[in-house]
Structures are given as C-alpha cells and as structure tokens.
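Participant: Residue numbers (our numbering): 165 to 730. Ideal Cβ placement from N, Cα and C applies to all residues, glycine included.
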RNA sequence: AGGGGUGUAGCCAAGUGGUAAGGCAGCGGGUUCUGGCUCCGCCAUACGAAGGUUCAAUCCCUUCCACCCCUACCA
C-alpha cells in the first residue's frame, strides 16, 4: 500500500485513526479551496499536493472549490489561472469543480433559519463602533444594542438586506454567540455584509455576501468533505467552524485540521506582496521566471514532477518553518539529471585560433546526448574547425592554484575533441584578452595522451563557423536577504536583487539546437539546466532560461578561500 | 480575562516509555572527457530549559523560557 511507504505525518495519523474507527464510512474527501484573487504560489502547491495526494492515497476524492465570497477582490482571470496551475501540477478534480457561490441560496436559507431561532441578528453598528464593542485581547466585548431585536424584526430586516433596500455597509447579520469569549472569533461574528459588487458568477443577483467563516464550513459540509485541511492561522477559527455546523441539525460535520504554511527563504509568499511586485512592474508578470508562483516556476522551466517531489520532501507538520530554496533546486536537478540531453552553450565567448589546424577544414566528432548512458538518447555530430569559441571564464592569464582550465602554456581537454594547448594571448589596447592562440594534440582524439601526461580539466567549445546565436537568461534569487518580508523597518522591495536577471544576447549554442522546440529542457554541460522559453523564442532565435545552475565545486572552493582570507 | 499553537542538527522532518529514521546542506575519499552525475564514509551521548515520576523519559507530570497566530463588513 502506498500510504505505508510514505513518510508519516500527523494528518495521515488522524486519517488512519478515523478509518480504523469507521468514521465517514472510511471515506476520505478533501478539497483545495482557493480564493480567486491572485495567482497560486509554491505554498499553494504544497496544499494542493497534500489534499490531492491524500485523496489519491486513500482512494477518495479531492474537490477544487473556489471560495468566491468576496466579489470586490475576485476575478475570472484568477479562476482560469488557478485551474491551469492545478492541472499543470498534475492533479485532476474530475467532475468535482465547485464554487462557494453555487451554495449562496442554501447558505442564505440556513442563515434565515438561525435568525428564526434567535441565533442571529441584524446589527447597525458602524465598523468603528463594532471595534469598540468587540473589546480587546484582554478585555471582554459588550453586546450590541441591536442584539435583542425580535425574531420578526430581524427576519424582516435580513430579507430587506437581501432585497437591496439598504445601502452598502449599513447593516450586517451577526451570529449571537458570546461577546465575552476569550476567542475573539466567537464575539458575535459577522455572517453577511451588504456589498454591491458584480460577482463573476452570480452577476448582480446578490447584494449581500457571506463571510468566510459562515460560508466555508457550510460549503465543506454540503460537499461531504471529511477532512478540511487549512493553514495554522485558522486554528482559532475552528470553534466557530464547528459552532456554525453544529447549530444546524443534520448537517454533515467535516473535521478541520490545520498545518503550517510553507515559507521559502530569499522570496516572499504573500499574495499582497506578489501582487505588488506585478502591479509595480518589478517583475514582468505573474509568470516572471523569478516569481515563486506556480506560473513563474513553469515559465522558468521547472517540471511538475520536481514541485511534487519538493512537496513530498518538505513534509507536513505544525511547526512554523522556512525551507531552504536549495531543497527545491535539489529536486529539479534530480529530475532533470535523468531527463535532459547534454549539449553545449558558450555563454560569454572568447575566440581561440588553433594554429595547427588547417583553415577551411571541418572535422566532425560524434558526441552522445547522454554520456552516462550513450544509447539512451542517441548522439549528434559536433563540427570542429580552426576557430572556436570557448567560455571566457575558462581561461585565466594568471591562474590560481587548483584552476585546471586553460592558461598560457597549459592544456585542457576540449569536450569530445582534442587536447588543446594555449600558445598565445592577444590583447586590445586596454589590456583585455580578446583572442587566444593555441595548438591541438592530434593524437588525443579518442584517448588520453600516449605519453601519459595528465590533463586536468575539460571545457566546452563551439566551432565559430557553425555555432548558433542564442539569447540566454540567467536567473538568480529575487531577493538578497533570506527573509525580505520580515524586516521591521525596511519595505521588502528594498531587498530586490538587482542581478536577479542577467540577459546574455550573444551566447552561442551548438548546431543541433537549431531544432530546439519551445518547452524543451536541456543541460548545457558544465553550466546548468535550461528551458526553451515557449513565449519569447522565435523560429531560429531561441531564448533559453536557466532553470538552475549545476552544483559548482570550483565556485564553492573559491568562495571558501575568499571568506577565509577575511 | 486573554485565548490558541509550536519548539528534535545549519534547513526541513520521522519517532514516542526501551536507549534519536530519512532528505537538503556540509565535510572527507573513490570514480570521471561535465569541478556535473554516481559511489563510499562522516555529520544530535542528544530532542527549548529546569525539576519530578519510572528499572528506563525526546515521549508522562510540574514550572519556566522562546517564537507564531487571533482585536478586517478579507480569506
């Protein structure tokens, strides 16, 4: 059984207990209930994987329900994007697509029922007055002066609220619970407010809209949800969730369970801040590859498998936590390691003229796309000529110890080709290296030097005559500090990383990439995993997004040295 | 008259009266025509702290400390 092989978590423990006790007939029905007021982010992905994953593992079902009770903030653009994102992640709600707005009439009828039972009343206190009557964390509240209206008056007023006889904000319907409760959520919470907004589904049919606490639990109940999983901040709402359901006889009672929401370092995961980044044009949109949105990760080139794996690895618990972004990177690297063809791209080219290789001649080398298992993905031919491009950072005029790439008089292996020796350095007037002269050891095509000398490094290269121009976009973390949202004095936008996007317009890729298709993912050897952007790529002019760099032992070694000197 | 939660390694996270899983990161080494991958090894005498119960406590009890959430006609 799959559930036995997965790491345990407290929610599975609860469900296992419920099934053993025969609760809900052993059924598991969950739901993912987003409000369509923004794009989904990686934190939502955690919740989606949890809810749909539970349904899958326990042979139950998971509903997609839009919590569309506040038309002031919601929009169809968001419902469409949310459905796209859930599907892209690999989950299927089947026939179970719902909207809280589908239940407005039923929920309204239940509200009338509470009014008739004297459990709800129409209140005319202004928001400011309500705040005063509510009391504080350490002081009980006071009853509203409207709390003792007769049932008849309340029913009449409530029906006229629905009928549109009163202006926005002039009246609310409140549950009559306990103004002295230490749990502020129980101090006669608002059930309905008057709010004339065009609703994306119900149009202008309603001018009163139910509040979250009133509508959410009842929506769960209507759908027969068994386990209503939400984040920790709703823990204090659970008594209210239970109250609203228990007060209505015969209504199914789902169990609300809370878990810790995801936090990721070096980014922000609050809808408010993400919206600010988009509307303030700090990023190109919701799908900017630097955004922690699902759309952003998709555009960056992440696979749904890697996101699901991430959700699995971080687990589910109740302790507040901040996950290291390195965890996510490890997931995508692991996924792409076995899927991506190995090809060559020179990001910042430096010309090398091979003096002992004849001008005008082209030699071809057979190079497997997946060297670790050559038959797996086949191979291509790499053209080799007198003039080649190498990576600028693969040459150093004065190499530090441990640098085993190219330097004057030194040798390196050209990947899949000859051993190359640097014989000359050409500079411009400013002293910048603009070209190298070199020779190649013709005996080293398919093996190491016969004399047994050791070649330290291998670098990638491209025949200048055959290389294709390409645009490469290098992405880095969006913020420069681990917790941009939690600084007391500074606005999170002050921590935006100015180098989060570096565009290389003059990179070169190997000829085989002429056929690269939008959406392809490859490994540029020694650099990282890249994605052919489906939006900005044009035929013959591909745009590659760096999804994630390869682990870099050399960079790490240097970084350590650098910090040791301080 | 406050209430509700949470503390296990640098970061996640299992475990739960019987002597601390796993992953990420890190460190050391093997291998290597990617400084990648992979392989081998190391990485908490210790579970927020202090007491108590017990043959035995991360787990049960008591007290304390730290952090998070709740005072929207948002969800």
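1. On a Cα-Cα basis, can you pick out the residue from 336, 663, 385 that is closest to residue 644?
2. Looking at the secondary structure, which residues open and close the alpha helix (DSSP H) in which residue 317 lies?
3. Near residue 525, what residues of its chain come up, given a Cβ to Cβ distance below 6 Å and the 5 sequence neighbours on each side ignored?
4. How about residue 648 and residue 656: do their beta carbons lie closer than 8 Å?
5. Output the boundary residues of the alpha helix (DSSP H) element that contains residue 297.
6. Are the CB atoms of residue 712 and residue 509 nearer to each other than 8 Å?
7. State whether the region 253 to 270 contacts the region 297 to 313, with contact taken as three or more CB pairs (one from each stretch) at a distance under 8 Å.
8. Suppose the cutoff is 7 Å on Cβ atoms and the five residues either side in sequence are ignored; what does the same chain contact list for residue 603 look like?
9. Would you check if the distance between the CB atom of residue 396 and the CB atom of residue 423 is smaller than 8 Å?
10. So, at 7 Å on beta carbons, what are the nonlocal neighbours of residue 182 in its own chain, with the 5 sequence-adjacent residues on each side left out?
11. So, at 8 Å on beta carbons, what are the nonlocal neighbours of residue 375 in its own chain, with the 5 sequence-adjacent residues on each side left out?
12. Kindly give me the distance between the Cβ atoms of residue 698 and residue 683, rounded to whole angstroms, as I take these residues to be in contact under 8 Å.
13. The beta strand (DSSP E) that contains residue 495, what's its start and end?
14. Among residues of its own chain, excluding the 5 on either side of residue 240, which ones have a beta-carbon nearer than 8 Å to its beta-carbon?
15. Can you tell me the Cα-Cα spacing of residue 696 and residue 410, whole angstroms?
16. Looking only at its chain, what residues have a beta carbon closer than 6 Å to the beta carbon of residue 608, apart from the 5 residues adjacent to it on each side?
17. Since residue 279 is in the beta strand (DSSP E), which residue starts that stretch and which ends it?
18. Using only the alpha-carbon positions, how far apart do residue 486 and residue 614 sit?
19. Would you please state the rounded distance, in angstroms, between the beta carbons of residue 505 and residue 541? I believe it to be under 8 Å.
20. Please give the ranges of any beta strand (DSSP E) in the region 325 to 397, keeping only runs that are unbroken, at least 3 residues long and fully inside the region.
21. Determine which residues share a DSSP beta bridge with residue 709 and list them.
22. Between residue 555 and residue 623, is the Cβ-Cβ spacing less than 8 Å?
23. Candidates 605, 489, 207: which alpha carbon is nearest residue 577's?
24. Counting pairs of Cβ atoms below 8 Å between the region 312 to 330 and the region 277 to 297, do you hit three or more?
25. CA-CA distance, residue 516 and residue 463?
26. Give me the Cβ distance between residue 310 and residue 288, rounded to the nearest whole Å; I'm assuming they're in contact under 8 Å.
27. Who are the near neighbours of residue 166 in its chain, counting only those whose CB is closer than 6 Å to its CB and skipping five residues on each side?
28. Quick one: Cα of residue 501 to Cα of residue 345, how far?
29. Just the Cα atoms here: how many angstroms apart are residue 703 and residue 235?
30. Identify every run of the alpha helix (DSSP H) within the region 598 to 633, keeping only runs that are complete inside it and at least 4 residues long; order them along the chain.
31. Give the straight-line distance between the Cα atoms of residue 273 and residue 351, rounded to the nearest whole angstrom.
32. Keeping to the same chain, check which residues put their C-beta closer than 7 Å to that of residue 393; ignore five residues upstream and five downstream.
33. So the alpha helix (DSSP H) residue 416 belongs to, where does it begin and stop?
34. Would you give the residue range spanned by the alpha helix (DSSP H) that residue 476 belongs to?
35. DSSP on residue 450, reduced to helix/strand/coil?
36. Where residue 594 and residue 570 are concerned, what is the direct C-alpha to C-alpha distance, given to the nearest angstrom?
Facilitator: Per the coordinate set shown:
1. 663
2. 315 to 327
3. none
4. yes
5. 291 to 298
6. no
7. no
8. 518, 519, 520, 585, 587
9. yes
10. 188
11. 233, 353, 354, 355, 356, 357
12. 5 Å
13. Here residue 495 belongs to no beta strand (DSSP E); instead the alpha helix (DSSP H) covers 489 to 501.
14. 200, 364
15. 54 Å
16. 582, 583
17. Looking at the DSSP string, residue 279 is not in any beta strand (DSSP E); the run it does join, the alpha helix (DSSP H), is 268 to 280.
18. 54 Å
19. 6 Å
20. 336 to 339, 354 to 358, 372 to 374, 391 to 395
21. 637, 695
22. yes
23. 605
24. yes
25. 35 Å
26. 6 Å
27. Bear in mind that the predicted position of residue 166 carries a pLDDT of just 34, short of 50, making it unreliable; the figure below should be weighed with that in mind. Here the set comprises 221.
28. 56 Å
29. 42 Å
30. none
31. 23 Å
32. 175, 194, 214, 215, 421, 423
33. Element bounds for residue 416: n/a, residue is neither H nor E.
34. 468 to 478
35. coil
36. 22 Å
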